[in-house]
Amino acid sequence: MTAGCGSQAASPAPPSPTVAAQAPLPQIEVASSEAVVGKNRFTFGLIKNNHPIQNISRVKTIFYLLHGSSGRVEAVTTASFNYFARDFKHTAENSAATEIGGVFVTYPRFGSTGTWAVQVQLPPKVGGALQPARFSVVSHGFAPAVGTRAIPSHNPTVAQLPLTKLDSARPVYDPEMHRLSIAQA
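Going by the numbering used here, the letters in the sequence shown line up with residues 283 to 467, in that order.
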């Protein structure tokens with residue numbers, strides 16, 4: 283080291299790069315409220331740096347039935363991005379939906395109840411396999427299955443009450459709408 287009047291110490295060489303820092307991979311966020319034995323509409327989002335990914339149209343999904351710390355592949359499907367907010371106006375009421383943009387949708391068949399995991403494989407240019415997300419499959423869901431009859435409800439119609447008692451807070455634009463109950467529709 284040289285020190286003295288008019289001389290400067292040599293600056294250290296910049297550190298040589300070792301391993302390039304990898305960008306964090308997206309996380310899978312299961313959006314389906316329940317999964318039941320049989321065919322399901324399974325929805326999920328991909329989140330990277332706290333923002334939803336919307337620029338990938340298709341991904342490969344692998345579903346595992348878990349047994350302790352290991353799992354067995356039960357289904358392999360392709361999920362497509364459903365951009366449900368495409369035509370929404372950018373208003374305060376729509377802000378959450380327009381920020382999310384949409385979800386990935388696929389239709390796996392689950393053969394049994396238990397703890398399952400979904401792994402998403404991104405296109406090679408984007409990243410590869412993501413950390414699996416766990417979810418439960420139950421024998422019977424709480425929501426009515428697609429195509430089944432709606433649960434009967436009792437909501438009064440103009441046959442039981444005068445129209446002013448049914449909807450007195452605002453003008454009635456379509457009185458015909460109040461003639462059928464939800465169960466009759």
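Quick reminder that beta carbons are idealized off the backbone N, C-alpha and C, glycines included.
query, result
"Beta-carbon contacts of PRO426 that lie in its chain and below 7 Å, excluding the five residues immediately before and after", "ALA432 and ILE433"
"Backbone CA spacing between ASN337 and THR388 [nearest angstrom]", "17 Å"
"With 16 other Cβ atoms within 10 Å as the buried cut-off, status of PRO390", "buried"
"Contacts around GLY410, its chain only, beta-carbon distance under 8 Å, and the 5 residues preceding and following it disregarded", "LEU307, GLN403 and LEU404"
"For THR380, three-class secondary structure by DSSP", "helix"
"Residue range of the beta strand (DSSP E) that includes ARG340", "340-349"
"Status (buried if at least 16 other CB within 10 Å, exposed otherwise) for PHE370", "exposed"
"Distance, PHE366 Cα to PRO406 Cα", "26 Å"
"Rounded separation between GLN309 and VAL385 - CA only", "13 Å"
"Euclidean distance between Cα positions of LYS330 and THR430", "37 Å"
"PHE351 to SER418 span [Cα, whole Å]", "In the sequence as presented, Phe is not what sits at residue 351; that position holds Ser. Taking the straight line from one Cα to the other gives about 15 Å."
"GLU316 to PHE324 span [Cα, whole Å]", "9 Å"
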